[in-house]
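Structure first, commentary second.
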Amino acid sequence: MISIENLSVKYKSDSDVYTALSGISLVIPDGGTLAVIGPSGCGKSTLLKVVAGLIPDFEGSVQISGEDVNPKKQTIGFMPQNYGLLPWRTVYDNIRLGMKIKRDPELLDRNVLKKLMRQLGIEGLGHRYPNELSGGQQQRVALARVFALQPDVLLMDEPFSALDAITREEMQDIFLRLWRKFNVSTIFVTHYVEEALYLGQKIAVLSANTGNISKIIDNPLFGGKDIRQDPEFFAMSLKLKNVIKKDWNQAWEN
Ligand SMILES: Nc1ncnc2c1ncn2[C@@H]1O[C@H](COP(=O)(O)OP(=O)(O)O)[C@@H](O)[C@H]1O
Ligand SMILES: [Mg+2]
Numbered sequence: 016m017i018s019i020e021n022l023s024v025k026y027k028s029d030s031d032v033y034t035a036l037s038g039i040s041l042v043i044p045d046g047g048t049l050a051v052i053g054p055s056g057c058g059k060s061t062l063l064k065v066v067a068g069l070i071p072d073f074e075g076s077v078q079i080s081g082e083d084v085n086p087k088k089q090t091i092g093f094m095p096q097n098y099g100l101l102p103w104r105t106v107y108d109n110i111r112l113g114m115k116i117k118r119d120p121e122l123l124d125r126n127v128l129k130k131l132m133r134q135l136g137i138e139g140l141g142h143r144y145p146n147e148l149s150g151g152q153q154q155r156v157a158l159a160r161v162f163a164l165q166p167d168v169l170l171m172d173e174p175f176s177a178l179d180a181i182t183r184e185e186m187q188d189i190f191l192r193l194w195r196k197f198n199v200s201t202i203f204v205t206h207y208v209e210e211a212l213y214l215g216q217k218i219a220v221l222s223a224n225t226g227n228i229s230k231i232i233d234n235p236l237f238g239g240k241d242i243r244q245d246p247e248f249f250a251m252s253l254k255l256k257n258v259i260k261k262d263w264n265q266a267w268e269n
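Following this note's numbering, the numbering of the sequence shown begins with 16 at its first residue and continues without gaps.
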């Protein structure tokens, strides 16, 4: 379980203090997903970085399975906006890297790794370098890397935003399959309403410029079969878009 209570984050410089997040409270149950949606600059990446333990200076409480977040104790799978692959390492080494750091390499099950690469369709790419891959292939490698960690929590920062619509939907399906298999509590940041509806059991809408949550929505469609074809999916995306538009327009008018 990920439990965030009254989280506030301020970025301080010599002359200025900027409040990026203020009074955020969220709970993601074991094996649940939360999609976080919000406009550029509203604090989505800041939220993930706090849960990843990368911003230690915050107010409030952030716990994973009842303990304060601590990347030394918990295994945190973080897929950053730019995939986070090391250009000087091969695909295979990139995927193994996190495993090497977090776990005893002797315990590493090569079959798990092979199977994961096969499921992601990258089994033939192990010896290539990231710059020898297409954007979609790099995403697959980055996905293999976070899942290979077998993390306690998974944090995804707009991982599919740069992809064309068809490839994005394909990656969403691959992601869901793996997520079901590994059953890991996940926060998925996106700026696409359809992606939030497809991947989030709950959806948190962040406000445009106040750094807090404007709405948390239970997603009744999550997990259904072929929901993208369901008229209800279309209706819900429209509804959600209107909620967001209203909220974000108001914020700009204030
Ligand atoms: N290291 C930093 N120092 C100062 N301000 C920052 C820093 N990182 C982010 N910000 C600011 O905090 C706000 C939220 O940023 P971010 O979490 O990256 O938003 P999002 O991911 O939703 O686009 C933005 O206004 C951004 O300019
Ligand atoms: Mg961001």
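Just so you know, even glycine gets a beta-carbon here, dropped at the ideal spot from N, CA and C.
As the structure is a computational prediction, the values presented were derived from the model and not from experiment.
Report all residues for which the CB-ligand distance to some heavy atom of ligand 2 is below 7 Å; order them along the chain.
My final list is K59, S60, Q96, D172, E173, V204.
On the three-pair Cβ rule with 8 Å, is the region 152-163 touching the region 85-95?
Because the criterion of three Cβ pairs below 8 Å is met, the region 152-163 and the region 85-95 touch.
At least 3 beta-carbon pairs within less than 8 Å: the region 46-66 vs the region 170-178
These segments touch.
Whole-Å CB distance - I79 paired with I17, under 8 Å assumed:
Going by Cβ atoms, the distance from I79 to I17 rounds to 6 Å, so yes, they are a contact pair.
Applying the criterion that 16 or more other CB atoms from any shown protein chain within 10 Å of the CB defines a buried residue, is V204 buried or exposed?
Label assigned to V204: buried.
Within the continuous alpha helix (DSSP H) that includes L101, where are the two ends?
Counting along the chain, L101 falls outside any alpha helix (DSSP H), and DSSP gives it neither H nor E.
Among the candidates V208, I202, V199, D167, whose CA atom is the shortest distance from the CA of A180?
Comparing Cα positions, the closest option is V208.
Does DSSP classify S252 as helix, strand or coil?
Under the three-state reduction of DSSP, S252 is assigned to helix.
From V127 to A223, what does the alpha carbon distance come to, in whole angstroms?
Rounded to whole angstroms, V127 to A223 spans 42 Å at the Cα level.
Considering only the beta carbon of each residue, do I19 and S60 sit closer than 9 Å?
S60 sits away from I19, with the two beta carbons spaced by 9 Å or more.
When every heavy atom of ligand 1 is checked, does at least one fall within less than 8 Å of the C-beta of P71?
No.
Is DSSP giving G56 helix, strand or coil here?
For G56, the secondary structure class from DSSP, reduced to helix, strand or coil, is coil.
DSSP beta-bridge partners for V42?
S18.
What first and last residue would you give for the beta strand (DSSP E) that runs through A177?
First-last for A177: undefined, no H or E at that position.
I need the boundaries of the alpha helix (DSSP H) containing L214, first residue and last residue.
Annotation for L214: the continuous alpha helix (DSSP H) segment containing it runs 208-214.
Helix, strand or coil: which one does DSSP assign to T134?
Note that residue 134 corresponds to Gln in the displayed sequence, not to Thr. The three-state secondary structure of Q134, taken from DSSP, is helix.
Taking 8 Å as the cut-off, does the CB of I135 come closer than this to any heavy atom belonging to ligand 1?
According to the sequence shown, residue 135 is Leu rather than Ile. Residue side-chain check: L135 keeps its Cβ at 8 Å or more from all non-hydrogen atoms of ligand 1.
Determine the direct distance from the alpha carbon of Y213 to that of Q244, and round the result to whole angstroms.
In this structure, the straight-line span from the alpha carbon of Q244 to that of Y213 is close to 11 Å.
Best match in S40, Y26, L41 for proximity to T34 [C-alpha to C-alpha]:
The shortest C-alpha separation from T34 is found at Y26.
Sub-9 Å separation of H206 and G58 beta-carbons:
Not closer than 9 Å, so no.
Below 8 Å, is the gap between the Cβ of A35 and the nearest heavy atom of ligand 1?
Indeed, a heavy atom of ligand 1 lies less than 8 Å from the Cβ.
Please report the straight-line C-alpha distance between R111 and T182, rounded to a whole angstrom.
Distance from the CA of R111 to the CA of T182, rounded to the nearest whole angstrom, comes to 25 Å.
What first and last residue would you give for the beta strand (DSSP E) that runs through M154?
Looking at the sequence shown, residue 154 is not Met but Gln. Here Q154 belongs to no beta strand (DSSP E); instead the alpha helix (DSSP H) covers 150-163.
Beta-carbon separation (whole angstroms), Q154 vs F197, contact threshold 8 Å:
That pair is no contact at about 17 Å.
Can you round the beta-carbon distance between G226 and L36 to whole angstroms, since I take them to be within the 8 Å contact cut?
Their Cβ separation, rounded to whole angstroms, is 5 Å, which keeps G226 and L36 in contact under 8 Å.
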